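In my numbering, the protein residues as written are -7 to 481.
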């Protein structure tokens, strides 16, 4: 039997992401939105009877007749699914999936910076439509208890104590409202959040919540077999794809010739069955948590009233984390990036290519600027994907590749991704080396346990989930070569 670990790169809001196959899915309204701060367990509990937990934050996608795949509209998400395995012509070899590593990009978010560093087009920050961001998706925080089970707190001698009922703090970004003015010795000071409303910079939006909930359900349809609840078109209908077979009592028990993977005595969302890794950003933390709710929803709901379901989240200080190429950790990574942009290949493309000349001419004629703003792609996508007003010169997206919107966005994507693939992907390979080490440490324990025994005292996970950014997925893809990723998407 051939035992197969799988590496899956999955994006909810990535330009022209190419997940194939069609799996119709109408996501149900969120009932439990999960969020977190860096050092707390947190949860948002929404009344199960509420038909729309985010009534004010528009998620309709009705302003424009066409949306880029980057926006991951509900219609676009419905087209995505984990593709089935191809048929194996060699009937002497049996294949069984035993491990999945999934890398995701966070869902739809707010702009990651504010004025004046975040440059879009004239009037962007002055407009009430594009310059003010208010959010309904909140973060709830809970002080950690001494035990995981309610009512079972213990003292220093191990004696059980009565524990007070759980309570939550609702975190709101409304302490600095734009209309407030503070008067001091040096005069009046206008206060307000950087995005001029109640949203954090780079915060996950309600749209992003829906996207990651769908991603979780796509993963469930691919890897969870649940008898009649698994449709014929779902990948899990193929016995080879069943990471978990819910019709069997111990679905985590591996075949007799496999390494020990996971622990069938633990809940399927607990370690070592699942390992959840994210960097310490609100949008990545929450995206992973919401995806896991879509993936393990029935199992989480089945947790008894006297016990709180706890999923361990592994993160690190953001400034030294390695889910993206980190020039602070490895200065050579920064040098490779600079070398890419200083190369003759880049200069030739940026100065003489038809794409560059067309884009720069458009920006000069339509916007009166000589260079393409560094953040123009993010400005355009966060605007169109949240049904805000694009400037007239860019309000022509139709998916044909001929309009100003696509001319500018295609140039911006190529410009941004150039270092990832330059010099055979040297920047990506060095920058993503530490993350590849994390990924392969799980896989090698499965495919070569003799030479790579576990060092943690636990068997490798059945599912390893990494929640990161587009700057996680793109360099990871670049390390796999141009036949996997062209750098134009």
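All residues carry an ideal CB built from backbone N, CA and C; glycine is no exception. Note that this is a predicted model, so its numbers are computed, not measured.
With 16 or more other CB atoms across the displayed protein chains lying within 10 angstroms of its CB, residue 260 is buried.
Using a C-beta cut-off of 8 Å, the segment 459 to 469 makes contact with the segment 315 to 327, since at least three inter-stretch Cβ pairs fall below that distance. The beta-bridge partner set that DSSP reports for residue 268 consists of 305 and 457. With a beta-carbon spacing of about 15 Å, residue 374 and residue 61 fall beyond the 8 Å limit used to define contacts.
If you look at residue 410, you'll find it in the alpha helix (DSSP H) that goes 396 to 423. Residue 227 and residue 420 have their C-alpha atoms roughly 31 Å apart. Taking C-beta separations shorter than 7 Å and ignoring five residues to either side along the sequence, the partners of residue 288 in its chain run 260 and 261, following chain order.
Counting the other CB atoms within 10 Å of its CB gives residue 411 a total of 16 or more, which places it among the buried residues.
DSSP places residue 321 outside both helix and strand once states are collapsed to three, so it counts as coil. According to DSSP, residue 361 shares a beta bridge with no other residue. For residue 316, no beta strand (DSSP E) run applies, since DSSP gives it neither H nor E. In the DSSP assignment, the residues bridged to residue 217 are 237.
The straight-line gap separating the alpha-carbon atoms of residue 283 and residue 132 is approximately 17 Å. Annotation: the continuous beta strand (DSSP E) that includes residue 132 extends over 131 to 133. Shortest Cα-Cα distance from residue 451 to any of 90, 277, 210 and 184 involves 90.
Between residue 163 and residue 130, the C-beta spacing is below 8 Å.
A residue is called buried once 16 or more other Cβ atoms fall within 10 Å of its Cβ, and residue 329 is buried on that count. With a cutoff of 8 Å on beta-carbon distance, residue 405 and residue 339 are scored as not near each other. In this structure, the beta-carbon distance from residue 101 to residue 189 does not fall below 8 Å. Annotation: the continuous alpha helix (DSSP H) that includes residue 276 extends over 274 to 293.
Contact annotation: residue 74 and residue 211 have beta-carbon atoms nearer than 8 Å.
Secondary structure note for residue 366: it is in no alpha helix (DSSP H), with a DSSP letter that is neither H nor E. Distance from the Cα of residue 267 is smallest, within the candidate group 273, 435, 346 and 206, for 435. For the set 224, 194 and 113, the Cα lying nearest the Cα of residue 362 is the one of 113. Cβ atoms of residue 286 and residue 208 come within 8 Å of each other, at about 2 Å. By alpha-carbon distance to residue 217, the top candidate from 240, 206 and 281 is 240. Collapsing the DSSP output to three states places residue 91 in a strand.
Across the structure, residue 346 and residue 409 are spaced so that their CA atoms are roughly 18 Å apart.
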